[in-house]
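J.: Taken in order, these protein sequences are the chains called H and C.
Reading the first sequence from the start, the letters are residues 126 to 984 in the numbering used here.
Reading the second sequence from the start, the letters are residues 86 to 244 in the numbering used here.
Where is the CB? At the ideal position from N, CA and C, for every residue including glycine.
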Amino acid sequence: MALFERRDQLPIPPKNAKAHNTVCQYCNVGCGYKVYVWPVGQVGGVQAGQNAFGVDLRNQGPIAGQTYSETMHSVITMKDGLQYHVVAVPAKDSPINRNGDHSSRGATNAIATWSEERATRERLKYPLLRVGDMFQAVTWDEAMNVLAGVAKGIRDKWSDDEIAVKAFDHGGSGAGFENNYGVGSLFFKGFSVKHISIHNRPAYNSEVWGSRERGVHELNYDASDARLADTIVLWGANTYETASVFYTQHMLPNLQGATVAEKQKAFAKGEAAEPAYFVVVDPRRTSSLTAAEQAAQGRTLHLRPNLGTDYILANAIARVIWERKYYDMNFLQNRTDMQKFEAYKSKSLGVGTAYANFMAEAESITGVKRADIEKAADWIAKPKPGGAKRRTLTIYEKGMIWNMKNYDQVAAVVQMNVLSQNIGRPGTGVGRQGGHQEGYVRPAAPTPGSIYNGGPPVNVDKYLTDGNGKLYWVIATNPYLSTPNAQIFRKRIHERTKTLTDYLGQSGEPGTTQGLVDKILKGLEATEGLFLVVQDLYMTHTAMDAHLVLPASAWGEANQTSINCNSRLLRLYEKFVDPPGDAKQDWEICKMTAQKMAALYRKEGNEEQAKRFDFANKWAKDEDVFLDGANEFPNNKIPEQEEATLPAECYKGVTYAYLKQVGQQGIRTPVRQDPATGKLAGTLRRYSSKFGTKDGKFSWYATDDWQGYPEEVSKYLEGEMAGKYPFWMTTGRAQSIWQTMYNDRLLPEKTTGLPLPYVEVHPQDAHKLGIKGGDIVQVWNEEGNGNFMVYITDAVKPGLIFALQYHTRGTSNSMTSGYTDPKTTIPWYKGTRVNIRKISGGLPDILATASTLQNNKFD
Amino acid sequence: MKAVISRRKFVQISVLSAASLGVGKAAYWFAPSLPYPALKVGNINNLQTGQAVYFNYPDARAQAILVKLGRQATGGIGKGRDVVAFSAACTHMGCGVQYKEGRFVCPCHFSMFDPAKNGQVYQGLASTYLPQIELRLDSNGDIYARAIGGLIWGRASNI
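Structure below.
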């Protein structure tokens, strides 16, 4: 019996199977994978000498053995018309996923590949043009004629300001340096687009300007620092679920005391080396916390600040560090800007206010007890027995980034760590965990920084919903689910795209390319219509409203390069299958668009404009784009002490041949070329000598005082509204599914257990509302509505619910407000007020097949 | 692999492949696809709710767990449809899962499985449900393991 098809034997890769090195396509951890491809009809044997794994498949021990699970095999058809077995298993020689560890996401890399035999047959194969209000297949040439015709018409009649773009800026997930450079070159070199936003937010910005503008890039530590730290702090980061192998291979062994020998080797002689302490700052009792409570009894501390108050808490911990003199004045004087430090001291640490008064105020704002704040400061910064400096690694993620007041939140946690010199030493660092991998290389972006550095960037969502823009081009993201205030956004974009569709005609539409282009341009002038282009792997919710859909090729369908987040480890993700149909890499699509634009301009003798679009002519293959992108980086023939001057992702000097040679060991960016020998050198850990500012000194920042909640949320806290919307809602992710589930929604291994988006409700609230696990509820407020399945759990406090942010069947973003931090235009996805009601009846199938057991209870 | 092949050549390749490699049966095996032994693993009248019984199946090297859950389960046998059995090797990296208060917990990396829902992973790093063992009940109340619906960790074939 099984809820979906299962296997009890799998094809064994023969010794001569083609072996490829690659890296998982999903989360920030970037586990190493090995892919084996061989023709259907051949099989290897169980003995070590008879298979490509080189292991005896009759007798494997736990952990040490090679995992080859049912989800790690698929059969695909290549362009030669033959069928091949594809096996994607965790690599055993990666410094990241040591021991061949892997998560429930990466383990499905094989079954997520395109196959006509699986649900992934849904992949887009051909360009689709909306003709007569239905999608009809067209050739790439026709698609490009329409797209370039409309884009050029908009430039001629109006300007690039009418072209709005939403595109990925990340690595992994079929993106990487090559596709980033393709997209960046098209929109910043060819077009001069300023209304562009990043995949998961409404503007083109860094989520961590609060750190970068201090001189600290967010990826400054190495995964091994989690093995060496005396204390690990997770602040708004649920690493066990969202960076699982970083937790199980680097944090958990340290909590269990299994890395003490490594510590003794890395630390000064005689320095205390004990199992780590663990501080979790999160409104929820996350599984990262409760698993640690099992592994490190008595060495865990949980701080649960009120939503939005984290920066006040970080400042209060820093005040304790100051008060108890857990800092090194030499470090502060030599490495940080002491003039700015005075402002930080007075504003953020409130040194002019008596300690007891300052702490009482912090306690009342954050809801965290003074004793716990002091305990956290001791665990983070108190010198160890014997006097050695404590080594604390602080990892933060969306709980801080997508918090109210993004800039101040991130700045406060970074400053807390720098005050106690928890940066640039083994076992320290203050950085983001990351969500996806990275791979950013582009010409200069239109927004240099926060409000303190030429910002804030434009809110492109608002630009569009206000009725501006003529062309909206969405690449590899699904904003109908992923943008804040998503309900208003998708209703408005739907309305505007339909307006244009209606304008094209009630019956017959123009049959010639030029006729269609002309009519679209006329419609864009005469109405409020919007021409929507979506470039993606699948027909997404957003793509359903598009006029033109462009099929992109995915992970494994081309060579790509990316870095992971926790070690900045650059590796080559080798091509191992052909893309479906005529799908193409994003950089190839950008190249085709550019060449078509150039041709249109040349035809009318406009050489000046044509030349802008010639950037891609020299890109014949993936490595050409990679090498061309490297020219964006500054001179990297510099000594090690100068590493802070380099962009975090600098890979200048690296070639595909080099990456093939180093394989899973990769090279850590920023890469330098030795000034004497020219030899490539990676950077294990950043800021040991200097910070990334002009003078090399850390740039302190005085955070704002507590000013309460922004109007978009405070409206729910007053009068009648407070009764109408009695619950706080925070949001986040789940272990087993990746982002909007674009692949996972096709895998029964994922959808059976998580058939719907869900909310976590405390037992007391559930009792009051008369709901139980597996019930279906509506969650709503004045912004939007969403239907969710219920989990009852003590992960949340009474009065607070947690909602899954993205699911193919709905999103908590419908209820989030349009508020963004005025300093950065980063949204607050993780806090608003809502009401809940049970939808009468139930779905017996869900009750029968989806588990509702409490997923943070391990004891 | 990008080379374009003529339709005629494609047909030739396909026919050749089909003839020489036996394409039909090569791609997938749906569980249960192997000759599993019938093994007596207990008697329904001796089972106590919540008490796990360990046994080996389909051979001496594979540990399995039989348990009466006290709640109806997918594939459960007995009056309450609550008696189920699973491979005890965690599908993540092969450690032995433990039965604790109505669920299976892996001590190595904390994967958790719901025995009432086909061994569904509801937390943790495992991607695959625990393989559920098909049980049969005879008129004496004896319980027999009959087959396994899923691949035991570490193997390329259950038998």
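Please indicate yes or no: does the CB of P327 (chain H) lie closer than 6 Å to some heavy atom of the ligand HEM?
T.: No copy of the ligand HEM occurs in the structure displayed, which carries no ligand at all.
J.: Quick one: give me the first and last residue of the beta strand (DSSP E) that N363 (chain H) is part of.
T.: Neither: N363 (chain H) is in no beta strand (DSSP E) and is coded neither H nor E.
J.: Using 7 Å as the threshold, is the C-beta distance between L154 (chain C) and D167 (chain C) below it?
T.: Taking 7 Å as the Cβ cut-off, L154 (chain C) and D167 (chain C) qualify as a contacting pair.
J.: Give me the Cα-Cα distance between Q766 (chain H) and K815 (chain H), rounded to the nearest whole angstrom.
T.: Whole-angstrom Cα-Cα distance: 7 Å.
J.: Are there three or more Cβ pairs, one per stretch, closer than 8 Å when the segment 526-542 of chain H is compared with the segment 950-959 of chain H?
T.: As far as the Cβ criterion goes, the segment 526-542 of chain H touches the segment 950-959 of chain H, which means the pair count is three or higher.
J.: Suppose contacts are defined by Cβ-Cβ distances below 7 Å. Is M854 (chain H) in contact with Y883 (chain H) by that definition?
T.: No; because the gap between Cβ atoms is not below 7 Å, this pair is not in contact.
J.: State the Cα-Cα distance for the pair N146 (chain H) and G681 (chain H), rounded to the nearest angstrom.
T.: One C-alpha to the other measures close to 10 Å.
J.: On the premise that P400 (chain H) lies in contact with L414 (chain H), defined as a C-beta separation below 8 Å, what is that separation, rounded to the nearest angstrom?
T.: That pair is no contact at about 16 Å.
J.: Run down chain C in chain order and give the residues with a C-beta less than 9 Å from the C-beta of H227 (chain H).
T.: Here the neighbours are H177, M178, L210, S212.
J.: Starting from the beta carbon of D919 (chain H), find every residue of chain C whose beta carbon is closer than 8 Å, and list them in chain order.
T.: Those within 8 Å of D919 (chain H) in chain C number zero; the least Cβ separation is about 15 Å.
J.: Compute the beta-carbon to beta-carbon distance between A116 (chain C) and I233 (chain C), rounded to the nearest angstrom, for a pair I have assumed lies under 8 Å.
T.: Right, their Cβ atoms sit about 7 Å apart.
J.: Check whether chain H comes within 7 Å of N141 (chain C), counting only Cβ atoms and requiring the distance to be less than that.
T.: Chain H, which has no Cβ nearer than 7 Å to the Cβ of N141 (chain C), makes this no.
J.: What is the DSSP secondary structure of A174 (chain C), counted as helix, strand or coil?
T.: DSSP places A174 (chain C) in strand when its eight states are reduced to three.
J.: Does the Cβ-Cβ distance between L135 (chain H) and H198 (chain H) come in under 7 Å?
T.: Yes.
J.: With respect to the alpha helix (DSSP H) encompassing I498 (chain H), which residues constitute its N-terminal and C-terminal limits?
T.: Per DSSP, I498 (chain H) belongs to the alpha helix (DSSP H) from 495-506.
J.: Which partner residues of G234 (chain C) appear in the DSSP bridge assignment?
T.: Looking at the DSSP assignment, G234 (chain C) forms a beta bridge with C:Q217.
J.: Do we get a CB-CB distance below 7 Å when we pair D199 (chain C) with the residues of chain H?
T.: Output row for D199 (chain C): interface = yes.
J.: Look at S687 (chain H) and G296 (chain H) and say whether their C-beta atoms are less than 7 Å apart.
T.: A contact, by the Cβ cut-off of 7 Å.
J.: At which residue ranges does the segment 431-503 of chain H contain complete alpha helix (DSSP H) runs of 4 or more residues, listed in the order of the chain?
T.: Entirely contained in the segment 431-503 of chain H, the alpha helix (DSSP H) runs reaching 4 residues are, in chain order, 435-448, 454-460, 463-472, 480-491.
J.: If you count every other CB in all the chains shown that lies within 10 Å of the CB of A569 (chain H), and 16 or more means buried, which is it?
T.: Classification of A569 (chain H): exposed, given that the 10 Å Cβ count is below 16.
J.: Residues of chain H with CB under 8 Å from F115 (chain C), in chain order?
T.: Per Cβ cutoff of 8 Å: E130, R131, R132.
J.: Determine the DSSP secondary structure at W163 (chain H), reduced to helix, strand or coil.
T.: The answer is strand: DSSP assigns W163 (chain H) an E or B state.
J.: Here's the rule: buried if 16 or more other CB atoms are within 10 angstroms of the residue's CB, otherwise exposed. What is R240 (chain C)?
T.: R240 (chain C) comes out buried.
J.: Is the beta carbon of I437 (chain H) closer than 7 Å to that of I490 (chain H)?
T.: Against a cut-off of 7 Å, the Cβ pair of I437 (chain H) and I490 (chain H) comes out as a contact.
J.: Provide the residue span of the alpha helix (DSSP H) that contains G556 (chain H), from first to last.
T.: No alpha helix (DSSP H) contains G556 (chain H), which is instead part of the beta strand (DSSP E) from 554-557.
J.: List, from N- to C-terminal side, the beta strand (DSSP E) runs of 3 residues or more that fit wholly inside the segment 288-350 of chain H.
T.: Here the runs fully enclosed are 288-292, 320-323.
J.: Might you give, ordered along the chain, the residues of its own chain that have their beta carbon closer than 7 Å to the beta carbon of D227 (chain C), omitting 5 neighbours on each side?
T.: So the qualifying residues of the chain are K125, N128.
J.: Pairing CB atoms from the segment 916-936 of chain H with CB atoms from the segment 393-409 of chain H, are three or more of them under 8 Å?
T.: Short answer: they touch.
J.: Look up N906 (chain H) in the DSSP assignment and say whether it is helix, strand or coil.
T.: Note: N906 (chain H) maps to coil in three-state DSSP.
J.: Could you tell me the boundaries of the alpha helix (DSSP H) in which Y90 (chain H) lies?
T.: Absent from the model: residue 90 (chain H). The displayed extent of chain H is 126 to 984, so no value can be given.
J.: Are the C-beta of L151 (chain C) and some C-beta of chain H separated by less than 7 Å?
T.: No, because no Cβ of chain H sits closer than 7 Å to the Cβ of L151 (chain C).
J.: Any contact of the segment 319-335 of chain H with the segment 505-515 of chain H, i.e. 3+ C-beta pairs under 8 Å?
T.: No, the segment 319-335 of chain H is not in contact with the segment 505-515 of chain H.
J.: In its own chain, which residues sit with a C-beta less than 6 Å from the C-beta of Q175 (chain H), not counting the 5 before and 5 after it?
T.: Correct list, in chain order: G169.
J.: In chain H, which residues lie with their C-beta within 8 Å of the C-beta of K125 (chain C)?
T.: Per Cβ cutoff of 8 Å: no residues; K125 (chain C) is ~20 Å from chain H at best.
J.: What residues match up with T945 (chain H) in a beta bridge as DSSP calls it?
T.: The partner list for T945 (chain H) (beta bridge, DSSP) reads H:P952.
J.: I'd like to know whether the C-beta of F983 (chain H) is nearer than 7 Å to at least one C-beta of chain C.
T.: By this cut-off, F983 (chain H) is an interface position.
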